[in-house]
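K.L.:
Following full-length UniProt numbering, the numbering of the sequence shown begins with 1 at its first residue and continues without gaps. In this text, a Cβ means the ideal position worked out from N, Cα and C, and glycines have one as well.
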Amino acid sequence: MAKIQTKLTELLGITSPVVVPAMAFGSGGKLAAEVSRAGGFGFMGLAFETPDQVKQELATARSILDVPADSTLPIGVGYIGWILDESEPKAKELISIAFEHRVRAIWLSHGDNLGKWVGYYRELVEKTGHHPLLAVQVSFPETAQVAIDDWKADIIVAQGIEAGGHGAAEGFPLLTLLPLILSKAGPNGPPIIAAGGIATGSQVAALLTLGASGAALGTRFLLSPESLYSDKQRQVILDAESPQSVRTLAFDEARGYHNWPKYVDGRAIRNATYDDFQKGDDINVIRQKYAAASETEDLDRVVVWAGAGVSAMNKVLPAKDIVQELHEECLSHLRGVNGLVKS
């Protein structure tokens, strides 16, 4: 595989700028490891896992990558800020586990108090001598400025409103957001990972030419067997068209999750839960129906998080094959761009 040289690939020592983002209930140790093994970089996402479950996922990743216990584990771990805020002792234990397992990077997102957890991350760097890279996900240029100037983030993840899962309800499309954040970072700033609705290698190439150093593709990798999605969830994505990917609070209300920052909602495939919520049905009835549907994985009601690029996704492939396909398509388009310039 020919290397694509960007700030991100140089920083991480990888071949491809293809990244699997931290996705709660979507990316575990297996998916993260397979993407890293294929030349990209994988993050596993945490939400409500126990410390033992996190340790098991990290052990799975280390086994797949065949990395000695005392060596850096070339994957990342992602944490959701508001969940960390719910229990400081548990949060500190979960972050400490990532340091104990010597992960390569930490990803922070979705919290009103992320600075607090950046501070704890810095404490652990000082205490342990291990220095994982710090990636901070942002949806606004102002937040990017704080992450760069105050938190000294090593990597910025610029998430557009096209992204599946949780993000800014009234943010910017990726092609608008990325230049705004690049202007905050400046030429000597940290590498920027673009995220949101990306499905193809040609899109990755376009984002690189715009100034991104990498691209995070969540929904595309949820279609891999290594993701934590079920076959039924993958089929919903395969059957969906992009207009069915909608931003909403319906699924968080149905599940009783009220602690997301006020500017955040989620993007998922439209179903009966969304329709009932939009109609203004009684929220208690919606919750009862959702709970019952969860028992049988009835995806006419249960959430399937997915981004706006679903129309461009039509097959299930192993993670390594997705990395290869995206990388080769990206290379082809980057080489083709040269033909547009005549001296």
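1. Rounding to the nearest angstrom, what Cα-Cα distance links residue 331 and residue 219 in this structure?
2. Please state if the CB of residue 190 and the CB of residue 237 are separated by a distance shorter than 8 Å.
3. Would the segment 89–104 and the segment 60–77 be scored as touching if the rule is three or more Cβ pairs under 8 Å?
4. According to DSSP, which residues form a beta bridge with residue 242?
5. Among 253, 198, 130 and 192, which one has its Cα closest to the Cα of residue 163?
6. Excluding the 5 residues preceding and the 5 following residue 302 in the sequence, name in chain order all residues of the same chain whose CB lies nearer than 6 Å to its CB.
7. Can you tell me where the beta strand (DSSP E) holding residue 111 begins and where it ends?
8. Secondary structure at residue 149, three-state DSSP: helix, strand or coil?
9. Quick check for students: name the residue ranges of the beta strand (DSSP E) that lie wholly in the segment 135–189, counting only runs of 3 or more.
10. So, helix, strand or coil for residue 198, using DSSP?
11. Of all the beta strand (DSSP E) runs that stay within the bounds of the segment 67–98, which reach a length of 3 or more residues?
12. Let me know if residue 159 comes out buried or exposed under the rule of 16 or more other beta-carbons within 10 Å of its beta-carbon.
13. Please classify residue 273: does DSSP put it in a helix, a strand, or coil?
14. In chain order, which beta strand (DSSP E) runs of at least 3 residues are fully inside the segment 257–327?
15. Would residue 215 and residue 207 qualify as a contact pair, given that the criterion is a beta-carbon distance under 8 Å?
16. So, residue 345 versus residue 166, is the Cβ gap smaller than 8 Å?
17. Taking only three categories from DSSP, how would you classify residue 341?
18. Count the CB pairs spanning the segment 276–288 and the segment 322–330 that are closer than 8 Å, and state whether there are at least three.
19. By the 10 Å Cβ neighbour count, where 16 or more other Cβ atoms means buried, how is residue 48 classified, buried or exposed?
20. Under 8 Å by Cβ, that's how I've got residue 55 and residue 83 pegged, so tell me the actual separation to the nearest angstrom.
21. Anyone know if the C-beta pair for residue 319 and residue 35 falls short of 8 Å?
22. Taking residue 44 as the reference, give the member of 308, 226 and 269 with the closest Cα.
23. Could you give the DSSP three-state label for residue 45: helix, strand or coil?
24. According to DSSP, is residue 6 helix, strand or coil?
25. Going by DSSP, what residues sit across from residue 214 in a beta bridge?
26. Is the beta carbon of residue 224 closer than 8 Å to that of residue 362?
27. Tell me the residue span of the alpha helix (DSSP H) that contains residue 226.
P.N.:
Here's the rundown:
1. Each residue's CA atom was taken as its position, placing residue 331 and residue 219 some 21 Å apart.
2. No; because the gap between Cβ atoms is not below 8 Å, this pair is not in contact.
3. At 8 Å Cβ cutoff, the stretches touch.
4. Note: residue 242 sits in no beta bridge, so no partner.
5. With respect to the C-alpha of residue 163, the residue from 253, 198, 130 and 192 having the closest C-alpha is 198.
6. Hits under 6 Å: 293 and 294.
7. Where residue 111 is concerned, there is no enclosing beta strand (DSSP E), because DSSP gives it neither an H nor an E.
8. Under the three-state reduction of DSSP output, residue 149 falls in the helix class.
9. As summarised for the segment 135–189, the continuous beta strand (DSSP E) elements at least 3 residues long and confined to that stretch are 155–159 and 165–168, given in chain order.
10. Note: residue 198 maps to coil in three-state DSSP.
11. Every unbroken stretch of the beta strand (DSSP E) spanning 3 or more residues and falling wholly within the segment 67–98 is given here in chain order: 73–80.
12. Taking all protein chains in view, the Cβ of residue 159 is crowded by 16 or more other Cβ atoms within 10 Å, so the residue is classified as buried.
13. Note: residue 273 maps to helix in three-state DSSP.
14. Here the runs fully enclosed are 264–269.
15. Going by C-beta atoms, residue 215 is nearer than 8 Å to residue 207.
16. This structure does not reach residue 345, given that the chain is present from 1 up to 343, and the question cannot be answered.
17. If DSSP states are grouped into helix, strand and coil, residue 341 belongs with coil.
18. Cβ pair count under 8 Å is below three, so no.
19. Looking at its Cβ environment, which holds fewer than 16 other Cβ atoms inside 10 Å, residue 48 is exposed.
20. The Cβ separation is near 18 Å, so there is no contact.
21. The beta carbons of residue 319 and residue 35 sit closer together than 8 Å.
22. Closest by C-alpha distance to residue 44, out of 308, 226 and 269, is 226.
23. In the structure shown, residue 45 falls within a strand segment according to DSSP collapsed to helix, strand and coil.
24. Residue 6 sits in coil when the DSSP states are folded into three classes, being neither helix nor strand.
25. Residue 214 is bridged to 193.
26. No answer is possible for residue 362: it lies beyond the span of the chain, which begins at 1 and ends at 343.
27. Element bounds for residue 226: n/a, residue is neither H nor E.
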